[in-house]
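Data first, discussion second: the structure below is written as C-alpha cells.
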Ligand code: GLC
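Residue numbers (our numbering): 8 to 427.
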C-alpha cells in the first residue's frame, strides 16, 4: 500500500519557494498584477537565496513532528529549482544552485519522506497557451498568438521535466501536481487532463516511481484527495469508498512569501485544524513561504516552534492516529490510535466532560500533556438525578472529572485507555 506511510505521518510541511518569494506579494503576483515577462525578469536577475538552508528546513519539519515535506520544484511562473536540461529558466542559471538536490539530500538525512510539487501550469513557456488564469489574459492579441503556440510541444516539455525529477533524485515518495481547470473563464478555454496528457503522465509516474503517491490534480483520480484551505466536516467518502485525503493549509492565506499580509493564523487554531483533520482520517500539509533570501520569516518560525512544542507532548494523539468510531461530545473531537482514544478539547467545560457511549469502554483517563490521572464516573440511570453530581446524561455515558483551570497547552487532550 503506497498510502501507508502517508496515513501514519498525518502531518507534513509544504514549502513554496520561487521568484515570487522575492516579489513578496503572493505567488500569483504575476497573474494578479498582469506582469509582463520583462517586468518579471527582474526577480530572476535578482534571485539570491543566500539564506535558503535545506538542512535547517528539514530539521524544523522534524522538530515539528512532521513526517514529510513537499517543495515547489516549479510553480506557475515556470521557474525551476533544479538543474533541468530542458530550460535555462532555473535556479542553477540564476544562482548556481540545484535547490531540489539540496532539499532532497537534507530530507533524507533527517529521515523524512520526500515530496515534490510540480505545476502543470507554466506562464513562462512559449508554447503554453494563454488562458483565463494566464497573466496575459487581458491582451486580445494573445488569442491570435495562441494559434502559433503548440501545446503538444509543451506537453513534451512537461513530461520531460517530470521524467528528470523522477530519475535524477532517487526515491520520491509523493508528487503533488497542480492543477486542472477545464471550465472556460472570461472567454478563454480552460485546461483539462488531455492538455497535460494526464493518463500518460500518471503511467510515467507509476513506471519510474512505482511506490510514489500522486495527488488528484491531474484532473483524473490519483492516490489521494487534496482539499485546499478548507476543512471537511466528515471523513471523505466517494461512491461508498473512504478516501485518503490531505488538507493543504496556509499560515496567512498566501502560499508564497507575502511580506505585508498579516492574516496570521495562531498556533492554537492550526493545532485544532490538525487534530480536526486526523479525527476525520485526513492529513494536514501546512505551508511556509520562505522569504526572498530563502529564510523562514520569524513569525512562521515562531508558529512552527509552538506547534512543535505541542506535538512533543501530544504526538501519539496525531501520528499514527485516525478516526474513532464514537460520537464525540460537543466540546471537541476524537482521534484513536490502537487501544487509546484521544479527546481533543476545543472548548473547556466546567468541571466535567460527558462521553456518550463510553461507559464500560474506557478503563483509565489522563491528560496527555502531563500524564496526570483523571477521575471517571458513570451515573446510575436507576437513581434519581440530583443537582450536585453529573445528571441527566443518557445511560452509557462516561463522565470525566476535570480541574477548573484549563491546562496551559495549545489544545488539551485527554487520553482514554479502551477496554481490550
Ligand atoms: C493553488 C494555487 C497555488 C498553490 C496551490 C497549493 O492551486 O494556484 O498557488 O500552490 O494551490 O495547493
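Just so you know, even glycine gets a beta-carbon here, dropped at the ideal spot from N, CA and C.
Everything numeric in this text was worked out from a predicted model, so none of it was measured.
Using DSSP's beta-bridge definition, name the partner residues of residue i.
{"i": "residue 192", "result": "195"}
{"i": "residue 124", "result": "79 and 183"}
{"i": "residue 406", "result": "361 and 384"}
{"i": "residue 244", "result": "249"}
{"i": "residue 281", "result": "The partner list for residue 281 (beta bridge, DSSP) is empty, contrary to what the question assumes."}
{"i": "residue 19", "result": "75 and 292"}
{"i": "residue 329", "result": "343"}
Does residue i come out as helix, strand or coil in the three-state DSSP assignment?
{"i": "residue 10", "result": "coil"}
{"i": "residue 185", "result": "strand"}
{"i": "residue 314", "result": "helix"}
{"i": "residue 93", "result": "coil"}
{"i": "residue 422", "result": "strand"}
{"i": "residue 371", "result": "strand"}
{"i": "residue 200", "result": "helix"}
{"i": "residue 351", "result": "strand"}
{"i": "residue 294", "result": "strand"}
{"i": "residue 254", "result": "strand"}
{"i": "residue 166", "result": "helix"}
{"i": "residue 75", "result": "strand"}
{"i": "residue 287", "result": "coil"}
{"i": "residue 359", "result": "strand"}
{"i": "residue 343", "result": "strand"}
{"i": "residue 213", "result": "helix"}
{"i": "residue 139", "result": "coil"}
{"i": "residue 152", "result": "helix"}
{"i": "residue 338", "result": "coil"}
{"i": "residue 224", "result": "coil"}
{"i": "residue 131", "result": "coil"}
Find the nearest neighbour of residue i within the set the options, judged by alpha-carbon distance.
{"i": "residue 400", "options": "360, 410, 417 and 409", "result": "360"}
{"i": "residue 231", "options": "290, 48, 119 and 79", "result": "290"}
{"i": "residue 114", "options": "40, 74 and 124", "result": "74"}
{"i": "residue 9", "options": "251, 149 and 247", "result": "251"}
{"i": "residue 297", "options": "98, 104 and 56", "result": "56"}
{"i": "residue 184", "options": "108, 165, 366 and 258", "result": "165"}
{"i": "residue 382", "options": "364, 423 and 348", "result": "423"}
{"i": "residue 227", "options": "236, 198, 215 and 255", "result": "198"}
{"i": "residue 202", "options": "364, 210, 214 and 188", "result": "188"}
{"i": "residue 98", "options": "365, 300, 364 and 427", "result": "300"}
{"i": "residue 27", "options": "154, 38, 17 and 19", "result": "38"}
{"i": "residue 282", "options": "260, 70, 238 and 308", "result": "238"}
{"i": "residue 268", "options": "419, 257 and 386", "result": "257"}
{"i": "residue 249", "options": "287, 347 and 116", "result": "287"}
At a threshold of 7 Å, does residue i count as lining the ligand SAH (C-beta to nearest heavy atom)?
{"i": "residue 141", "result": "The ligand SAH is absent from the structure shown, which contains only the ligand GLC."}
Q.
Quick check: the stretch 164-178 against the stretch 60-77, are at least 3 beta-carbon pairs closer than 8 Å?
A. no
Q: Mind the definition here: the stretch 254-268 touches the stretch 18-37 only if three or more C-beta pairs lie below 8 Å; say whether that holds.
A: yes
**Q.** the stretch 346-359 / the stretch 403-416 touching (three or more Cβ pairs under 8 Å)
**A.** yes
Q. When the Cβ atoms of the stretch 240-252 are set against those of the stretch 179-198, are three or more pairs found closer than 8 Å?
A. no
(Q) Does the stretch 318-325 come into contact with the stretch 368-382, if we say contact requires no fewer than three beta-carbon pairs (one atom in each stretch) closer than 8 Å? (A) yes
Q. Would the stretch 75-93 and the stretch 121-136 be scored as touching if the rule is three or more Cβ pairs under 8 Å?
A. yes
Q: Inspect the CB distances between the stretch 302-316 and the stretch 325-338 and report whether three or more fall short of 8 Å.
A: no
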